[in-house]
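Enquirer: When we follow numbering that gives the first Met the number 0, the leftmost residue of the sequence shown carries the number 0, and every step to the right adds one. Pasting a structure below so you can have a look.
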Amino acid sequence: MRSTSEIITHFRETVGDVPPGLTGASTTVAGSRLYLFGGSLAGGSDRKLSSDLYALDLDLWKWEKIIPAMGEHAPPARYSHTLDFWRNHLVLYGGLGEQSSSKRTEVLNDVRLFNLTTRRWLRPSRIFHASTVPKARHLHLSCISVDKLFVLGGKDSSGDELEEVCVYDLVKKEWIQIQPQLPKLKATCALVATSQWYVRTPPQDIDHPDTPMPLRYSERATSKSPCDMYLYQGNSGQTLDVFSSSSNGKIAKKSTHHTAQLPSFHSPCGAVLGNSLILAGNHPIDGMNQTFSIWTFDTNTTKSVCIDTGDVFQHGSWTHGFLWEVHNKFVVFGKRGEPLGDPSGETVLNWDAVVVVDLEALGIYQPPVLKLSTAAQKLGLKSLAGSHHTDFDFICDDGRRIPCSRKTIFDRWPWLLDQHTRLSSTEASVKHQKRTELTITKTTLTSSQSYPVTMALLQYFYSLTLGTALQRAPAVLSHLLLISTEYYIPHLRALVTHAMHLALTELTADGIFEIAAACGCRSLQIRYVFFTWHPHLQHGSRLVSGRSGYTGREK
Numbered sequence: 000m001r002s003t004s005e006i007i008t009h010f011r012e013t014v015g016d017v018p019p020g021l022t023g024a025s026t027t028v029a030g031s032r033l034y035l036f037g038g039s040l041a042g043g044s045d046r047k048l049s050s051d052l053y054a055l056d057l058d059l060w061k062w063e064k065i066i067p068a069m070g071e072h073a074p075p076a077r078y079s080h081t082l083d084f085w086r087n088h089l090v091l092y093g094g095l096g097e098q099s100s101s102k103r104t105e106v107l108n109d110v111r112l113f114n115l116t117t118r119r120w121l122r123p124s125r126i127f128h129a130s131t132v133p134k135a136r137h138l139h140l141s142c143i144s145v146d147k148l149f150v151l152g153g154k155d156s157s158g159d160e161l162e163e164v165c166v167y168d169l170v171k172k173e174w175i176q177i178q179p180q181l182p183k184l185k186a187t188c189a190l191v192a193t194s195q196w197y198v199r200t201p202p203q204d205i206d207h208p209d210t211p212m213p214l215r216y217s218e219r220a221t222s223k224s225p226c227d228m229y230l231y232q233g234n235s236g237q238t239l240d241v242f243s244s245s246s247n248g249k250i251a252k253k254s255t256h257h258t259a260q261l262p263s264f265h266s267p268c269g270a271v272l273g274n275s276l277i278l279a280g281n282h283p284i285d286g287m288n289q290t291f292s293i294w295t296f297d298t299n300t301t302k303s304v305c306i307d308t309g310d311v312f313q314h315g316s317w318t319h320g321f322l323w324e325v326h327n328k329f330v331v332f333g334k335r336g337e338p339l340g341d342p343s344g345e346t347v348l349n350w351d352a353v354v355v356v357d358l359e360a361l362g363i364y365q366p367p368v369l370k371l372s373t374a375a376q377k378l379g380l381k382s383l384a385g386s387h388h389t390d391f392d393f394i395c396d397d398g399r400r401i402p403c404s405r406k407t408i409f410d411r412w413p414w415l416l417d418q419h420t421r422l423s424s425t426e427a428s429v430k431h432q433k434r435t436e437l438t439i440t441k442t443t444l445t446s447s448q449s450y451p452v453t454m455a456l457l458q459y460f461y462s463l464t465l466g467t468a469l470q471r472a473p474a475v476l477s478h479l480l481l482i483s484t485e486y487y488i489p490h491l492r493a494l495v496t497h498a499m500h501l502a503l504t505e506l507t508a509d510g511i512f513e514i515a516a517a518c519g520c521r522s523l524q525i526r527y528v529f530f531t532w533h534p535h536l537q538h539g540s541r542l543v544s545g546r547s548g549y550t551g552r553e554k
């Protein structure tokens, strides 16, 4: 029998234009593609800098070397820079590069944008206010919060540490803030991360106490309400500072956590997913050896937990990880059988292979977004119950009809609209024979599902949530997962999966596993395995906290 650590991880080799081993390169993720720029070629006696841009298709694990469209705005080669993603653009800042004339190394201070659609580097922005332009730097940290690039620390041309936070407005294309209030930080032992999403929990409906607890949902951060930033430092006692930022870019420390449980990572990487900060990197396990590990920090409970990945990182060189947010997975780059560093002592980043860690299987994921306000949800359900503006019928397996608005359903179920549009004047109906049979005519949809399931489906289309007791019944959830999978309702599928994660109990576990297997919900299947293999973990044991959704070794 496979161990649980083996189930949540899998190894893949990458193909295509695989980049060479590099030091000082930087990456960022946009959807299901990872982008890599620059770095210094590893292994040579002389430092050779790169200005190459690569993209990795995370669905195919195939690298592509991008040749930018013709133009004179390509940035110079560099290393020890940062790369972020913003509104279909890569955002490149700083680093150490070569002067075009003398080829001597210089510290850079440019903010450069690459358009992912046109594959062009944009013209550098003009500087209007010299007083707000920070010093050139390398070995710094950066992150993007809404429309602002935050640059923390770094080293200047003299090698001195810079104790400041600099803010660049990506819309206005100008520096707007220099805040000299940051303690010294060592970038090779530090990490900054933020999210573009809040996780919200709607209040219980006090007028209807019999309704289930509303599902948590994701809400996009705004310029007026950006998410917190998390700064981890592991060079002088592990600390985690939490900062808030205002609309003008100023940051203020909210709290400090002394996280002695966390190891002192070298070149840490990580990101925020849901209510968890993911931290990963190499750290010493004895006087001679290092190992790569992945930890989570619960931003609500402030508990740190190590994810049990078995011995997958015990062999070879594993150095750089990133969050694949759209699939709730953490991916670690490396190479089996390779040493960790190059002759210069710097960490070599290899791109030949990856280990993929399924975070959703541990209950760590980004909840679905809220499509309608609570008031709009109630109004929609009231309209359905009152049969307002109806011109279409859903017919159940027992012949009962539920009248509804064709426009409401078609606007929220594009697949059905497409099928209905294909009906010609001579074709009376179209039938789909899957596990749920559907027959579509001009004015009806006949389903092989029961009245409760059909009503729950219509309640979803009218409210775009799962807020009623009927919808949250375990048997109904199973049928909704099947329908949403077979007939292309992705938001409903995400909501049902979310609800099933929360509804996992001894009574529902077997049913959830069976329907998850039938619908290809692998993460939900693995969650069931943890639940049934380790029933004692449901009560918050030392090894795994089933209640908070973690697995690993809690320190």
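All residues carry an ideal CB built from backbone N, CA and C; glycine is no exception.
Taking the C-alpha atoms as reference points, what is the distance between W62 and P489?
Expert: Along the sequence shown, read from residue 1 onward, the residue named residue 62 stands at position 63. Along the sequence shown, read from residue 1 onward, the residue named residue 489 stands at position 490. Approximately 28 Å between the Cα atoms of the pair.
Enquirer: Can you name, in chain order, every residue of its own chain whose Cβ lies under 7 Å from the Cβ of K334, other than the five neighbours on each side?
Expert: Position 335 of the sequence shown, counted from the start, is the residue given in the question as residue 334. Excluding positions up to five away in sequence, the list reads G315, S316, N349, D351, A352.
Enquirer: According to DSSP, is P342 helix, strand or coil?
Expert: Start at 1 with the first residue of the sequence shown, and residue 342 comes out as number 343. Reliability fails at P342, whose pLDDT of 48 lies under 50, so the model's placement of it is uncertain and no value is given.
Enquirer: Whether or not the region 494 to 503 and the region 430 to 440 are in contact is what I'm after, with contact meaning three or more pairs of Cβ atoms, one per stretch, closer than 8 Å; do they touch?
Expert: Touching, no, given that fewer than three Cβ pairs across the two stretches are closer than 8 Å.
Enquirer: Only counting the same chain, and skipping five residues up and downstream in sequence, which positions put a Cβ closer than 7 Å to that of P211?
Expert: Stepping through the sequence shown from its first residue, residue 211 is reached at position 212. Closer than 7 Å at Cβ, skipping near neighbours: A468, R471.
Enquirer: Quick one: what's M228 bridged to in DSSP?
Expert: Residue 228 sits at position 229 when you count from the first residue of the sequence shown. According to DSSP, which records beta bridges pairwise, M228 is partnered with T193, F242.
Enquirer: Do you know how far the Cα of A41 is from the Cα of P342?
Expert: What you label residue 342 is simply residue 343 of the sequence shown in a count that begins at 1. What you label residue 41 is simply residue 42 of the sequence shown in a count that begins at 1. Low local confidence applies: a pLDDT of 48 at P342 is under 50, so the model's placement there is unreliable, with the coordinate-based value given in what follows. Each residue's Cα considered, the two are about 9 Å apart.
Enquirer: Provide the residue span of the alpha helix (DSSP H) that contains W414, from first to last.
Expert: Sequence index remark: in the sequence shown, residue 414 carries index 415 (1-based). Unbroken alpha helix (DSSP H) run through W414: 413 to 421.
Enquirer: Counting C-beta neighbours from all protein chains within 10 Å, is the total for H257 16 or more, i.e. buried, or is it exposed?
Expert: As a first step, residue 257 must be located in the sequence shown, where it is residue number 258. The residue is exposed, with fewer than 16 neighbouring Cβ atoms inside 10 Å.
Enquirer: Pop quiz: H265 and C188 are said to be a contact at Cβ under 8 Å. What is the actual Cβ separation, rounded to whole angstroms?
Expert: Within the sequence shown, residue 265 is the residue found at index 266, counting from 1. Within the sequence shown, residue 188 is the residue found at index 189, counting from 1. Between C188 and H265 the Cβ distance is about 6 Å, and since that is below 8 Å, they are a contact.
Enquirer: Since E565 is in the alpha helix (DSSP H), which residue starts that stretch and which ends it?
Expert: Residue 565 falls outside the range modelled here, since the chain spans only 0 to 554, and no answer is possible.
Enquirer: Using a 10 Å radius around the Cβ and a threshold of 16 neighbouring Cβ atoms, would you call N299 buried or exposed?
Expert: Residue 299 sits at position 300 when you count from the first residue of the sequence shown. That one is exposed.
Enquirer: To which residues of the same chain is G309 closer than 8 Å at the C-beta, ignoring the five residues directly before and after it?
Expert: If you number the sequence shown from 1, residue 309 lands on position 310. Closer than 8 Å at the Cβ level, and outside the excluded window around G309, lie S2, S4, E5, T8.
Enquirer: DSSP has Y92 in a bridge; who is on the other side?
Expert: The residue given as residue 92 occupies position 93 in the sequence shown. Note: Y92 sits in a beta bridge opposite T81, V110.
Enquirer: Does the beta-carbon of I401 have 16 or more other beta-carbons within 10 angstroms, so that it is buried, or is it exposed?
Expert: For the purposes of this step, residue 401 is taken as the residue at position 402 of the sequence shown. Buried: at least 16 other Cβ atoms inside 10 Å.
Enquirer: In or out: T116 buried (at least 16 other Cβ within 10 Å) or exposed?
Expert: Counted from its first residue, the sequence shown places residue 116 at position 117. Answer is exposed; the Cβ neighbour count stays below 16.
Enquirer: Whole angstroms are fine: how far does the CA of T318 sit from the CA of S372?
Expert: In the sequence shown, counting from the first residue as 1, residue 372 sits at position 373. In the sequence shown, counting from the first residue as 1, residue 318 sits at position 319. Between S372 and T318, the C-alpha separation is close to 43 Å.
Enquirer: For the alpha helix (DSSP H) that contains S477, what are its first and last residues?
Expert: Within the sequence shown, the letter at position 478 stands for residue 477. Looking at the DSSP string, the run of the alpha helix (DSSP H) that includes S477 is 473 to 485.
Enquirer: Is the beta carbon of Y231 less than 8 Å from the beta carbon of E218?
Expert: If you number the sequence shown from 1, residue 231 lands on position 232. If you number the sequence shown from 1, residue 218 lands on position 219. No, the pair does not count as a contact, with Cβ atoms beyond the cut-off.
Enquirer: Tell me where the beta strand (DSSP E) around Q289 begins and ends.
Expert: In the sequence shown, residue 289 corresponds to position 290, counting from 1. From DSSP, the beta strand (DSSP E) with Q289 extends over 289 to 297.
Enquirer: Buried or exposed for G545, please, with buried defined as at least 16 other CB atoms from any protein chain shown within 10 angstroms of its CB.
Expert: As a first step, residue 545 is located in the sequence shown; it is residue number 546 there, counting from the start. Residue placement at G545 is poorly supported in this model, since its pLDDT is 33, which falls under 50; the coordinates still yield a value, given next. Burial call: buried.
Enquirer: Return the first residue and the last residue of the beta strand (DSSP E) that Q176 is part of.
Expert: Residue mapping note: residue 176 aligns to position 177 of the sequence shown, counting from 1. Element bounds for Q176: 173 to 178.
Enquirer: CA-CA distance, S39 and L52?
Expert: Within the sequence shown, numbered from 1, the residue matching residue 39 stands at position 40. Within the sequence shown, numbered from 1, the residue matching residue 52 stands at position 53. Cα to Cα, S39 sits roughly 13 Å from L52.
Enquirer: Kindly indicate which three-state DSSP category R219 falls into: helix, strand or coil?
Expert: The count along the sequence shown starts at 1 and reaches residue 219 at position 220. It is a strand residue.
Enquirer: Quick check on D410: does DSSP put it in helix, strand or coil?
Expert: As a working mapping, residue 410 is identified with position 411 in the sequence shown. DSSP places D410 in helix when its eight states are reduced to three.
Enquirer: Looking only at its chain, what residues have a beta carbon closer than 6 Å to the beta carbon of I394, apart from the 5 residues adjacent to it on each side?
Expert: Taking the sequence shown and counting its residues from 1, one reaches residue 394 at position 395. Here the set comprises R400, T443, T445.
Enquirer: Could you pull the DSSP bridge partners for Y34 from this structure?
Expert: For the purposes of this step, residue 34 is taken as residue 35 along the sequence shown, with counting starting at 1. Partner(s): T27, A54.
Enquirer: What does I306 pair with, by DSSP beta-bridge criteria?
Expert: Counting from 1 along the sequence shown, the entry for residue 306 is found at position 307. Partner(s): none; I306 has no beta bridge.
Enquirer: Could you give the first and the last residue of the continuous beta strand (DSSP E) run that contains L437?
Expert: The residue labelled residue 437 in the question sits at position 438 within the sequence shown. Its beta strand (DSSP E) spans residues 437 to 439.
Enquirer: Is the beta carbon of R564 less than 8 Å from the beta carbon of A68?
Expert: Absent from the structure is residue 564, since the part of the chain shown begins at 0 and ends at 554.
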